[in-house]
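Enquirer: Numbered according to our numbering, the sequence shown spans residues 64 to 145.
Don't be surprised by glycine CBs; every beta carbon is placed ideally from N, CA and C.
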Amino acid sequence: KHELITQGIYVYIRHPIYAGLILAYLGIELVVQSYLFIPFFIITVALGIIQCKREEKILSKHFGGEYIKYMKKTKMLFRYIL
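Here it is in C-alpha coordinates:
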(Lines of atoms letter the chains of each structure in order from A and count residues from 1; the text may use other names and numbers.)
(Lines give C-alpha, C1' and ligand atoms only; values in the text may rest on other atoms or scores of the structure.)
Protein backbone atom coordinates (compact mmCIF):
# COMPACT_ATOMS: atom_id res chain seq x y z
CA LYS A 1 0.00 0.00 0.00
CA HIS A 2 1.26 3.48 -0.90
CA GLU A 3 1.21 6.40 1.51
CA LEU A 4 0.75 10.06 0.64
CA ILE A 5 3.92 11.94 1.57
CA THR A 6 3.13 15.37 2.99
CA GLN A 7 6.29 16.12 4.94
CA GLY A 8 9.62 17.69 4.04
CA ILE A 9 9.53 19.68 0.81
CA TYR A 10 6.04 18.27 0.17
CA VAL A 11 4.70 20.58 2.90
CA TYR A 12 5.21 23.46 0.46
CA ILE A 13 4.87 22.02 -3.06
CA ARG A 14 3.41 18.87 -4.60
CA HIS A 15 5.91 18.29 -7.42
CA PRO A 16 9.45 19.16 -6.28
CA ILE A 17 11.15 17.16 -9.04
CA TYR A 18 9.41 19.12 -11.79
CA ALA A 19 10.05 22.38 -9.93
CA GLY A 20 13.75 21.51 -9.72
CA LEU A 21 13.85 20.65 -13.41
CA ILE A 22 12.26 23.97 -14.35
CA LEU A 23 14.70 25.86 -12.12
CA ALA A 24 17.63 23.97 -13.65
CA TYR A 25 16.54 24.93 -17.17
CA LEU A 26 16.04 28.52 -16.04
CA GLY A 27 19.59 28.46 -14.68
CA ILE A 28 20.89 27.15 -17.99
CA GLU A 29 19.09 29.98 -19.81
CA LEU A 30 20.66 32.55 -17.50
CA VAL A 31 24.13 31.11 -18.08
CA VAL A 32 23.79 30.62 -21.83
CA GLN A 33 22.00 33.95 -22.37
CA SER A 34 20.66 32.94 -25.75
CA TYR A 35 17.25 33.71 -27.17
CA LEU A 36 17.39 30.33 -28.88
CA PHE A 37 16.97 28.61 -25.54
CA ILE A 38 13.77 30.48 -24.57
CA PRO A 39 11.37 28.30 -26.64
CA PHE A 40 12.97 25.19 -25.15
CA PHE A 41 12.43 26.60 -21.65
CA ILE A 42 8.79 27.49 -22.38
CA ILE A 43 8.12 24.01 -23.77
CA THR A 44 9.76 22.44 -20.72
CA VAL A 45 7.56 24.46 -18.36
CA ALA A 46 4.41 23.66 -20.35
CA LEU A 47 5.16 19.93 -20.50
CA GLY A 48 6.02 19.92 -16.80
CA ILE A 49 2.67 21.48 -15.91
CA ILE A 50 0.81 19.05 -18.17
CA GLN A 51 2.57 16.09 -16.55
CA CYS A 52 1.85 17.44 -13.05
CA LYS A 53 -1.85 17.64 -13.88
CA ARG A 54 -1.84 14.09 -15.26
CA GLU A 55 -0.19 12.81 -12.11
CA GLU A 56 -2.62 14.72 -9.93
CA LYS A 57 -5.58 12.99 -11.61
CA ILE A 58 -3.99 9.62 -10.85
CA LEU A 59 -3.18 10.61 -7.26
CA SER A 60 -6.69 11.99 -6.73
CA LYS A 61 -8.18 8.67 -7.81
CA HIS A 62 -5.76 6.69 -5.66
CA PHE A 63 -5.87 8.77 -2.45
CA GLY A 64 -9.30 10.39 -2.86
CA GLY A 65 -10.26 13.16 -0.45
CA GLU A 66 -6.92 13.00 1.33
CA TYR A 67 -5.14 14.18 -1.82
CA ILE A 68 -7.79 16.81 -2.57
CA LYS A 69 -7.25 18.33 0.90
CA TYR A 70 -3.50 18.22 0.34
CA MET A 71 -3.90 20.01 -3.00
CA LYS A 72 -5.82 22.82 -1.31
CA LYS A 73 -3.01 23.34 1.23
CA THR A 74 -0.05 23.31 -1.17
CA LYS A 75 1.06 24.79 -4.48
CA MET A 76 1.80 22.66 -7.51
CA LEU A 77 5.35 23.82 -8.28
CA PHE A 78 6.40 27.05 -6.61
CA ARG A 79 5.18 28.23 -3.26
CA TYR A 80 4.01 31.74 -4.17
CA ILE A 81 3.47 31.36 -7.91
CA LEU A 82 1.93 28.13 -9.17
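Go ahead and pull the three-state DSSP assignment for LYS132.
Expert: Here residue 132 corresponds to residue number 69 of the sequence shown, with the count starting at 1. Here LYS132 sits in helix by DSSP.
Enquirer: Three or more C-beta pairs under 8 Å: does that hold for the stretch 117-126 against the stretch 95-105?
Expert: As far as the Cβ criterion goes, the stretch 117-126 does not touch the stretch 95-105, which means the pair count is below three.
Enquirer: What are the boundary residues of the alpha helix (DSSP H) that ILE121 is part of?
Expert: Residue 121 sits at position 58 when you count from the first residue of the sequence shown. Segment 101-126, the alpha helix (DSSP H) holding ILE121.
Enquirer: Could you tell me if the beta carbon of ALA87 falls within a distance shorter than 7 Å of some heavy atom in the ligand NAP?
Expert: Ligands in the displayed structure: none, and consequently the ligand NAP is not present.
Enquirer: Classify LEU110 as buried or exposed, calling it buried when 16 or more other Cβ atoms lie within 10 Å of its own Cβ.
Expert: Locating residue 110 in the sequence shown gives position 47, where the first residue counts as 1. So LEU110 counts as exposed.
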